[in-house]
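As they're listed, the protein sequences go chains E and U.
Using this note's numbering, you'd call the opening residue of the first sequence number 79 and step up by one each time.
Using this note's numbering, you'd call the opening residue of the second sequence number 245 and step up by one each time.
Glycine included, every Cβ here is placed at the ideal spot set by N, Cα and C.
Just so it is clear, the structure is predicted and the values come from calculations on it, not from any experiment.
Here the structure is laid out as structure tokens; the discussion comes afterwards.
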Amino acid sequence: MIVSEPLPPAAITAYQCASAAGDDTQALWSGLQSHRSCLGPLQLFELPFETVVGEITSTLPAIRTALKEYDCRNARVALLALNQGNFRAAVEQAIVRFGAQRVGLVLGTSTSGIYDSEAAYVYFLRHGTMPADFHFMKRHAAQASAEFLKLELGLQGPCYAISTACSSSAKSLAAAQRLLGCGFCDAVLVAGVDTLCRLTLRGFHSLDLISAEPCRPMDIHRNGINIGEGAGLLLLERASQGNAHLPRLLAVGESSDAHHMSAPHPQGEGAAAAMRLALRRGGLEPGQIDYIKLHATASLLNDRAEAQAIAAVFDHPPPCSGVKGLLGHTLGAAGAVETIVCLLAMERGWLPGTCGLEEIDPQCPCPVLAAPRGGVRLKHVLGNAFGFGGNNASVLLQAGGDC
Amino acid sequence: MECLSLLGFGACSPDPELRESLSFPSVDIDRSSIPPLLRRRTSQATQMAFTAANRACNQANRSPAELPGIFASVGGEIQVTDRLCIELGKPEGVVSPTDFHNSVHNTAAAYWSIVHRCTLAVSALAAGHETFAMALLESWCQLADRGGELLLVCYDESWPAYLSAPLGEPAFACALVLGAGARDESMVEIGRPQPGLSETYPAFLQDLIGRMPVAAAIPLLTAAQEGGNKREIPLGANWQVQVKPLTFRGAT
Numbered sequence: 079m080i081v082s083e084p085l086p087p088a089a090i091t092a093y094q095c096a097s098a099a100g101d102d103t104q105a106l107w108s109g110l111q112s113h114r115s116c117l118g119p120l121q122l123f124e125l126p127f128e129t130v131v132g133e134i135t136s137t138l139p140a141i142r143t144a145l146k147e148y149d150c151r152n153a154r155v156a157l158l159a160l161n162q163g164n165f166r167a168a169v170e171q172a173i174v175r176f177g178a179q180r181v182g183l184v185l186g187t188s189t190s191g192i193y194d195s196e197a198a199y200v201y202f203l204r205h206g207t208m209p210a211d212f213h214f215m216k217r218h219a220a221q222a223s224a225e226f227l228k229l230e231l232g233l234q235g236p237c238y239a240i241s242t243a244c245s246s247s248a249k250s251l252a253a254a255q256r257l258l259g260c261g262f263c264d265a266v267l268v269a270g271v272d273t274l275c276r277l278t279l280r281g282f283h284s285l286d287l288i289s290a291e292p293c294r295p296m297d298i299h300r301n302g303i304n305i306g307e308g309a310g311l312l313l314l315e316r317a318s319q320g321n322a323h324l325p326r327l328l329a330v331g332e333s334s335d336a337h338h339m340s341a342p343h344p345q346g347e348g349a350a351a352a353m354r355l356a357l358r359r360g361g362l363e364p365g366q367i368d369y370i371k372l373h374a375t376a377s378l379l380n381d382r383a384e385a386q387a388i389a390a391v392f393d394h395p396p397p398c399s400g401v402k403g404l405l406g407h408t409l410g411a412a413g414a415v416e417t418i419v420c421l422l423a424m425e426r427g428w429l430p431g432t433c434g435l436e437e438i439d440p441q442c443p444c445p446v447l448a449a450p451r452g453g454v455r456l457k458h459v460l461g462n463a464f465g466f467g468g469n470n471a472s473v474l475l476q477a478g479g480d481c
Numbered sequence: 245m246e247c248l249s250l251l252g253f254g255a256c257s258p259d260p261e262l263r264e265s266l267s268f269p270s271v272d273i274d275r276s277s278i279p280p281l282l283r284r285r286t287s288q289a290t291q292m293a294f295t296a297a298n299r300a301c302n303q304a305n306r307s308p309a310e311l312p313g314i315f316a317s318v319g320g321e322i323q324v325t326d327r328l329c330i331e332l333g334k335p336e337g338v339v340s341p342t343d344f345h346n347s348v349h350n351t352a353a354a355y356w357s358i359v360h361r362c363t364l365a366v367s368a369l370a371a372g373h374e375t376f377a378m379a380l381l382e383s384w385c386q387l388a389d390r391g392g393e394l395l396l397v398c399y400d401e402s403w404p405a406y407l408s409a410p411l412g413e414p415a416f417a418c419a420l421v422l423g424a425g426a427r428d429e430s431m432v433e434i435g436r437p438q439p440g441l442s443e444t445y446p447a448f449l450q451d452l453i454g455r456m457p458v459a460a461a462i463p464l465l466t467a468a469q470e471g472g473n474k475r476e477i478p479l480g481a482n483w484q485v486q487v488k489p490l491t492f493r494g495a496t
């Protein structure tokens, strides 16, 4: 067995996020501060049941003509986030500094372009063929929006998608850290992008997991999850003295429950293993973690398993909270979107609350914050993402040097 | 890390013509590699992935529980997803909960970890026509990072012809048990993946890989079977790798 040095940390040099809270990170920050749920009635299509969703309601940007074959809601939501603030400029600067071949892209998604495929299938059922503009590889397949972003930005490095349901983009962060650490890239764009579609809404409903009301993570009266959509983009580079003031990805712990396709291990053993691994690989003790951003979907089994996992790993767990009552569960995008929530919390010394939580489930033995809390100093933060099939990832972040 | 070692491999295709064209052993779906309770619930994709992975672990004499997994596929569970999309397109369509959770790209990876009680990391990757190249790159990174060994499975089932024909045929799966660094038991030493191409695929493979991108693994498996000189082989349209076959192994 070869025992290697731990992977070097990666600096997070830029990030941007489009979500139900609004088109950019500033809107996300305002949403977190206001602590008012962004969930509302679904406008995009009709459903045969009641629920609320975290929908992006602003007008999405058009895909340019040369890349029209990639045009789908997923690509447009990715482009919406890309166009905010200085994010595109940051990627372009990385291309200038390192060369396009040295800038990679790892995208986490579970839906890819399936929202648009659903319309194509309605056409198919009427006409017996898919519509002329349907392009399986460039819209439907899992890597489609990754290829779109690569072409949109002119990247020439490694480019792939990780699609492990709701842990997809958390695991994409792990892959990006490895690409940097192994010298295949000097910068990696990590994207988590998922969009609302009938397949996931009706699919989760078929499993009796959808709540008709805004969800209530970790609450004794919770009754299921709400689906959201979003795009979280993060630019990772090798950590150096020059970027020591910026936040760092220290490690990602990855594990499997090896238990069930759609239910977590009841004691959260896989979740605990992912958190322990993140700590070990990041060289930290549990007592050094200042905040845990929960996966906390508001499904009974998930919430209880995660809380038990935290109780197993931490003798004295730090404050915890989850944001799915604010944004909905953005599925494959959750790892990236909620990592950005962690970055905002670290930079601003402010802990998000758990929107929807009023009375904590006594079987969730961890200190979950209902309301936001300001005036804190956060050096190390752990963020969880757990997916179907018992696919677990725990993301360990460190604040920039001056914290 | 200077190289990866291929410690065992397996290949599966339901297409007898494809199987006959390969110089290494390959089999049709082996239902005995899937627990009886799962046989009716799993797709062609998952069953092919299991068949190939099982053969690779057997050849390498490794326990599946001790290998992290990378499951790479272009279309994933496309037959299940297609069925769901057809239901969603009908006014009174019904979404099956089993179909829903079996439509995720990590379905094969998840069932593999559940069946074999593997609590290590398993991942599910997709990269279109570059799927095999990116999966080998991810394998390199994981092994360079943490050492040890892992299971790489590349698979795609037959796709409904109206989606993307001629893409999506013939169905093919292969699995490789890979170890970090040089090993005595290595069949082939695999160098660091490099961008660029100095060799291209022979014409018949070019056509096959155009229709079934994960067939890009065939030259590597052929080198494992047939031996030969140290050489560069393509991993797809944009990446290549140096292989150094070590042991000649006759048909098993």
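Practice prompt. Confirm, please, whether the CB-CB distance from residue 193(E) to residue 256(E) is below 8 Å.
Written response: Cβ atoms of residue 256(E) and residue 193(E): not closer than 8 Å.
Worksheet item: Under 7 Å Cβ-Cβ, which residues of chain U neighbour residue 281(E)?
Response: 339 and 344
Discussion item. Closer than 8 Å is the cut-off here; do at least three beta carbon pairs connect the stretch 113-121 of chain E with the stretch 395-408 of chain E?
Written reply: Counting C-beta pairs with one atom in each stretch, the stretch 113-121 of chain E and the stretch 395-408 of chain E have three or more that are closer than 8 Å, which means they touch.
Item to complete: Pull up the DSSP beta-bridge partners for residue 486(U), would you.
Response: DSSP, once it has assigned bridges, lists 476(U) as partnering residue 486(U).
Worksheet entry | Proximity winner among 426(U), 350(U) and 413(U), relative to residue 457(U) (alpha-carbon distances) | 413(U)
Worksheet entry | Buried/exposed call for residue 367(U), threshold 16 Cβ in 10 Å | buried
Fill in: Whole runs of the beta strand (DSSP E) within the stretch 292-329 of chain E, excluding any shorter than 3 residues
308-316
Item to complete: Measure how close the beta-carbons of residue 349(E) and residue 474(E) come, nearest whole angstrom, since I'm counting them as under 8 Å.
Response: With a Cβ gap of about 14 Å, residue 349(E) and residue 474(E) do not count as contacting.
Discussion item. If distances are taken between C-alpha atoms only, which option among 316(U), 432(U) and 329(U) comes closest to residue 416(U)?
Written reply: 316(U)
Worksheet item: Below 8 Å, can you find three or more Cβ-Cβ pairs linking the stretch 138-150 of chain E to the stretch 423-437 of chain E?
Response: no
Worksheet item: Does the beta carbon of residue 405(U) come closer than 8 Å to any beta carbon on chain E?
Response: no
Discussion item. Per the DSSP calculation, residue 93(E) is bridged to which residue(s)?
Written reply: 312(E)
Worksheet item: In this structure, does DSSP put residue 225(E) in helix, strand or coil?
Response: helix
Worksheet item: Less than 8 Å separating the beta-carbons of residue 424(U) and residue 392(U)?
Response: Between residue 424(U) and residue 392(U), the C-beta gap is smaller than 8 Å, which places the two residues in contact.
Discussion item. Just to make sure I have the definition right: I need the residues of chain E whose C-beta is within less than 8 Å of the C-beta of residue 350(U). Which are they?
Written reply: What residue 350(U) touches in chain E: 241, 242, 243, 465, 466, 467 and 469.
Discussion item. What residue range does the beta strand (DSSP E) around residue 269(E) cover?
Written reply: 265-272
Item to complete: Would you list, in chain order, the members of the stretch 216-239 of chain E that have their beta-carbon closer than 9 Å to a beta-carbon of chain U?
Response: 216, 218, 219, 220, 221, 222, 224, 225, 234, 235, 236, 237, 238 and 239
Worksheet item: chain U partners of residue 340(E), CB-CB under 7 Å?
Response: The contacting residues are 345.
Practice prompt. Output, in chain order, the set of chain E residues within a Cβ distance shorter than 9 Å of residue 301(U).
Written response: Residues of chain E passing the Cβ test: none, with the nearest at roughly 16 Å.
Practice prompt. Excluding the 5 residues preceding and the 5 following residue 316(E) in the sequence, name in chain order all residues of the same chain whose CB lies nearer than 6 Å to its CB.
Written response: 258
Worksheet item: Between the beta-carbon of residue 561(U) and the beta-carbon of residue 395(U), is there less than 8 Å?
Response: No information on residue 561(U) is available, as it lies outside the stretch 245 to 496 that chain U covers here.
Discussion item. My parser needs the alpha helix (DSSP H) runs of 4 or more residues fully inside the stretch 257-333 of chain U; what are they?
Written reply: 260-265, 280-283, 288-304 and 322-333
Item to complete: Can you give me the Cβ contacts of residue 409(E) inside the same chain, cut-off strictly under 6 Å, excluding the 5 residues immediately before and after it?
Response: 188, 244 and 272
Discussion item. Just checking: is the beta-carbon of residue 496(U) within a distance shorter than 8 Å of some beta-carbon in chain E?
Written reply: Low confidence applies here, because residue 496(U) scores a pLDDT of 42, under 50, leaving its location unreliable; read the following figure in that light. Cβ-Cβ to chain E under 8 Å: no for residue 496(U).
Practice prompt. Could you spell out where the beta strand (DSSP E) holding residue 393(U) opens and where it closes?
Written response: 393-400
Discussion item. I'd like to know whether the C-beta of residue 360(E) is nearer than 8 Å to at least one C-beta of chain U.
Written reply: For residue 360(E), the answer is no, since every Cβ of chain U falls outside 8 Å of its Cβ.
Item to complete: Report yes if the C-beta distance between residue 364(U) and residue 333(E) is below 8 Å; otherwise report no.
Response: yes
Worksheet entry | Classification of residue 290(E) by the beta-carbon crowding that lies within 10 angstroms, buried from 16 upward | exposed
Fill in: residue 238(E) - DSSP class collapsed to helix/strand/coil
strand
Item to complete: Could you tell me if residue 261(U) is buried or exposed, where buried requires 16 or more neighbouring beta carbons within 10 angstroms of its beta carbon?
Response: exposed
Discussion item. Using a Cβ-Cβ cutoff of less than 6 Å, which residues in the same chain neighbour residue 329(E) once the five nearest sequence positions on both sides are dropped?
Written reply: So the list reads 356, 359, 360 and 474, once near-sequence residues are dropped.
Worksheet item: Going by beta carbon distance, what residues of the same chain come within less than 8 Å of residue 379(E), once the five residues before and after it are set aside?
Response: 341, 342 and 344
Worksheet item: Listing by chain order, which chain U residues have their CB less than 7 Å from the CB of residue 249(E)?
Response: 367
Worksheet item: Would you say residue 263(E) reaches chain U, if we count a Cβ-Cβ gap shorter than 8 Å as a contact?
Response: no
Worksheet item: Going along the chain, which residues of its own chain have a beta-carbon closer than 8 Å to the beta-carbon of residue 161(E), five neighbours each way excluded?
Response: Only 139 meet the Cβ criterion.
Discussion item. Our contact map puts residue 433(U) next to residue 488(U) with C-beta atoms below 8 Å; I'd like the distance itself, whole angstroms only.
Written reply: 4 Å
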